[in-house]
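Residue 233 in full-length UniProt numbering is what sits at position 233 of the sequence shown, and the numbering runs on without skipping anything.
Note that CB positions come from ideal geometry on N, CA and C, so glycine has one too.
A quick note: this is a predicted structure, and the numbers were derived from the prediction, not measured.
Just below is one structure, and these are the notes that go with it.
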Amino acid sequence: MNELLEKYDSWLKDDSNVAAVTVRQWLEPVEGKDAIIFPPTYPIEGNAGYSIDRIDGFTVCQIDSVGSQANRIEPIFLREQYCDLVPKVIIRATVDGRERSIHLLEAGHRAADAIVRFSTLGARIHEAFRAIHENGDATLLARIAPTSLVFGVWDSRATQVKLPRVLRSVIRAFDVYELHRSAQYSTLAGELLEGPDVEVTTKGVKAELGLAHVPSVKTHGGIRVKGEIRRDAALNVVAIRSLASGPDNEIGTLSLRRYVLGLALVGLTFEQDFSLREGCQLIPDKGRPPEWKIILHDGTRKDIVLTHRESIEYARKAAEQFGIGQDATGEFEAMLARKIQELPEKDRKALLRKGPVTMEAIEEFLKKRKTKGKTTKEPDASEGGEE
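Below, the structure written as structure tokens:
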């Protein structure tokens, strides 16, 4: 057996004392440490605002959420360097008369996304979730949607299978000052139409069409970080050990866990460009190198050396041993999605949890419900009849 393939086997055994692998990486704005950066904005009481928590005068600002980080890391498996590690699963759809191909890695809810559920691959995905729910066997899901095991998935509308993230990453800034800015959009087109007395407004058809001067006063203007900007990432080894290839299948289970670990290590060690959004481009802080640790169940923290190159090699060997699932292409069934939308909420939930959603399943479900309704009404129809 290959030495590299066995390197992390002690982590993957059920009695392992390894809890996680973590990395802390310090970042700074590309313009310099004292530069203003722009965090993401969220709708707060009708306005856009930053996610800043204030605790005893100390402030913590979210720069890139766990979900956002996952959406930046997962698509690397579309790249030529990594695409051979996962199956290529495509959903084809027709939008406004034009064909569009959507890779499963682009689906927001991964294997549990509606783009998959209402496609010709829906039955296969449902069977994969059902195997986990009934037998604790994640093999089928790993064959068609392995990154769902790495970045987490919740089949909330059907089997209720919920798998935690193996890999999570978040970027926060500590001890920040919130700033504001004001500006005004000046319209040349409005002046051509109305002369110098152009209306100044933020609402109405003129503002909508760019035919008015539109002021923007005291809006979010970024933050200045007095403390530090830090990325915290963790690879949850316990979550990997919760995966199995069914009961009493030690060889298959080890192979599955190696495969998931390999993908997670690739994601953990991947060097992001940290160009997060307009006004928020970060780079590593050369004055503070990242800290890589292996964490044991007793709280012990030990330094560990992980490289992206070796992680890719390990992932390839693990994938080869496990057996990557075959590429698959499905068709999004718009008529199916519309049909199930028409059902009452109670019927929709019952149908989704019963099995794969197909037109045949809907017809059978409605037929049984209709028959049941008739059976229920028969005693009332015969009331007062023959004795």
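My output table needs one value for residue i: the three-state DSSP class, helix, strand or coil.
i, result
"residue 146", "helix"
"residue 255", "helix"
"residue 291", "strand"
"residue 167", "strand"
"residue 180", "strand"
"residue 266", "helix"
"residue 108", "coil"
"residue 122", "helix"
"residue 139", "helix"
For residue i, I'd like the list of residues in its chain whose CB is within less than 7 Å of its CB, leaving aside the five on either flank, ordered along the chain.
i, result
"residue 177", "223, 224 and 226"
"residue 105", "74, 75, 77, 78 and 147"
"residue 14", "241"
Provide the residue(s) that pair with residue i in DSSP beta bridges, ordered along the chain.
i, result
"residue 8", "Paired residues: none, contrary to the question."
"residue 83", "Paired residues: none, contrary to the question."
"residue 173", "61 and 229"
"residue 53", "60"
"residue 99", "94"
"residue 234", "22 and 168"
"residue 275", "281"
Ignore the nearest five residues each way along the sequence and tell me which others in residue i's own chain have a CB closer than 6 Å to its CB.
i, result
"residue 330", "91, 119, 120 and 121"
"residue 255", "321 and 322"
"residue 327", "87 and 88"
"residue 253", "244 and 245"
"residue 200", "213"
"residue 159", "129, 130 and 133"
"residue 64", "171 and 276"
Identify, in the order they occur along the chain, each residue of the same chain with its Cβ nearer than 8 Å to the Cβ of residue i, setting aside the five sequence neighbours on each side.
i, result
"residue 264", "150, 166, 167, 235 and 240"
"residue 7", "314"
"residue 318", "5, 255, 258, 259, 261 and 262"
"residue 337", "114 and 118"
Flag residue i as yes when its Cβ comes closer than 6 Å to any non-hydrogen atom of the ligand FMN, and as no otherwise.
i, result
"residue 301", "This structure does not include the ligand FMN; it has no bound ligands of any sort."
Please confirm whether residue i has its beta-carbon closer than 7 Å to some beta-carbon of chain B.
i, result
"residue 369", "You won't find chain B in this structure, because it holds only one protein chain."
Practice task
Taking 8 Å as the threshold, find out whether the region 46-65 comes into contact with the region 73-86 through three or more Cβ pairs.
Solution key: Output reads no: the region 73-86 does not touch the region 46-65.
Exercise for the section: Check whether the region 153-170 touches the region 257-274, taking contact to mean three or more Cβ pairs, one atom from each stretch, closer than 8 Å. Expected result: Touching, per the Cβ criterion.
Exercise for the section: Give a yes or no on contact between the region 92-109 and the region 129-137, applying the rule of three or more CB pairs nearer than 8 Å. Expected result: Output reads no: the region 129-137 does not touch the region 92-109.
Exercise for the section: Determine, using beta-carbon pairs with one atom in the region 144-159 and one in the region 102-120, whether at least three such pairs fall under 8 Å. Expected result: Yes, they touch.
Practice task
Would you check if the region 356-370 and the region 289-302 touch, i.e. whether three or more CB-CB distances between them fall below 8 Å?
Solution key: Contact annotation: the region 289-302 does not touch the region 356-370, with fewer than three C-beta pairs closer than 8 Å.
Practice task
Please determine if the region 19-30 and the region 334-347 are in contact, where contact requires at least 3 C-beta pairs separated by less than 8 Å.
Solution key: The region 19-30 vs the region 334-347: no contact.
Practice task
State whether the region 273-280 contacts the region 33-40, with contact taken as three or more CB pairs (one from each stretch) at a distance under 8 Å.
Solution key: Flag = yes, the region 273-280 and the region 33-40 touch.
Exercise for the section: Pick out the complete beta strand (DSSP E) segments inside the region 288-369, 3 residues or longer, and give them in chain order. Expected result: Complete beta strand (DSSP E) runs here, min 3: 291-296, 301-303 and 328-331.
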